[in-house]
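The block underneath contains the structure these notes are about, expressed in structure tokens.
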Amino acid sequence: MRREPQRAFTLTELMIVISVLALLVAVAYPSYVEQVRKMRRSDAKQSLLHTAQQLERCYSQFRRYDSTDCPQVAAGPAIDLASRDGFYRITSQSLVPDSFVLVATAQGPQAGDTRCAQFQLTNAEVRSAQDASANNTTDDCW
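Written out as structure tokens, the structure is:
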């Protein structure tokens, strides 16, 4: 009776495969996380543009942005709402009869996006973004 040798992976081969996989994950995962953050930034942009559009409707109807007849400001003289997907908090930094400044601040899992932590939009369509320290304005977030 003749026995065939068993076929299996050696420990060395297994360790090489695990090392290669670990290297791939170490390189790919940070890139993946950054892409997810960039994708979530669109939530802030869309929510700011949508809120600004609603305020423009109020202005064309009542000749003022801060009219309490508008649904966005009916509860008070300020705007404070969650973005569509909930990754940003939309607030009004300034809301007066003839102008507004809307701010989207990262929250929840998006709060780790320190590069584009806060977006701003004015009634004159001036767009800006700041990093987490709020000292540096970044141009490539929008």
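Mapping to our numbering: the sequence shown position 106 is 106, numbers consecutive. Built from N, CA and C at the ideal position, the CB exists for glycine as well. All of these numbers come straight from a predicted model, not from anything done at the bench.
Pick from the options: whose alpha carbon is nearest that of residue i?
| i | options | result |
| --- | --- | --- |
| Gln-72 | Ala-52, Gln-6 and Asn-135 | Ala-52 |
| Thr-68 | Leu-121, Leu-11, Asn-136 and Pro-97 | Pro-97 |
| Ala-117 | Gly-108, Asp-131 and Pro-109 | Asp-131 |
| Cys-141 | Gln-6, Ser-19 and Lys-45 | Lys-45 |
| Arg-115 | Leu-121, Asn-135 and Val-126 | Asn-135 |
Which residues in the same chain have their Cβ closer than 6 Å to the Cβ of residue i, if we skip the five residues on either side of it in sequence?
| i | result |
| --- | --- |
| Arg-37 | Asp-113 |
| Asn-123 | Ser-99 and Phe-100 |
| Asp-80 | Thr-91 |
| Thr-137 | Ser-128 and Gln-130 |
Grab me the residues of residue i's own chain with a C-beta within less than 7 Å of its C-beta, minus the 5 sequence neighbours each way, in chain order.
| i | result |
| --- | --- |
| Ser-94 | Phe-100 and Val-101 |
| Asp-43 | Ser-83, Arg-84, Asp-85, Phe-87 and Tyr-88 |
With a CB to CB cut of under 8 Å and the five nearest residues on each side skipped, what residues in its chain are close to residue i?
| i | result |
| --- | --- |
| Ala-78 | Thr-91, Ser-92 and Leu-95 |
Can the beta-carbon of residue i be found closer than 8 Å to that of residue j?
| i | j | result |
| --- | --- | --- |
| Ser-60 | Ala-104 | no |
Per DSSP, residue i is paired with what?
| i | result |
| --- | --- |
| Gln-120 | Val-103 and Ser-128 |
| Leu-23 | Answer is none; Leu-23 lacks a bridge partner. |
| Leu-95 | Phe-100 |
| Thr-138 | Ala-129 |
Contained beta strand (DSSP E) runs [length at least 3] in the stretch 42 to 90, N- to C-terminal order
80 to 82
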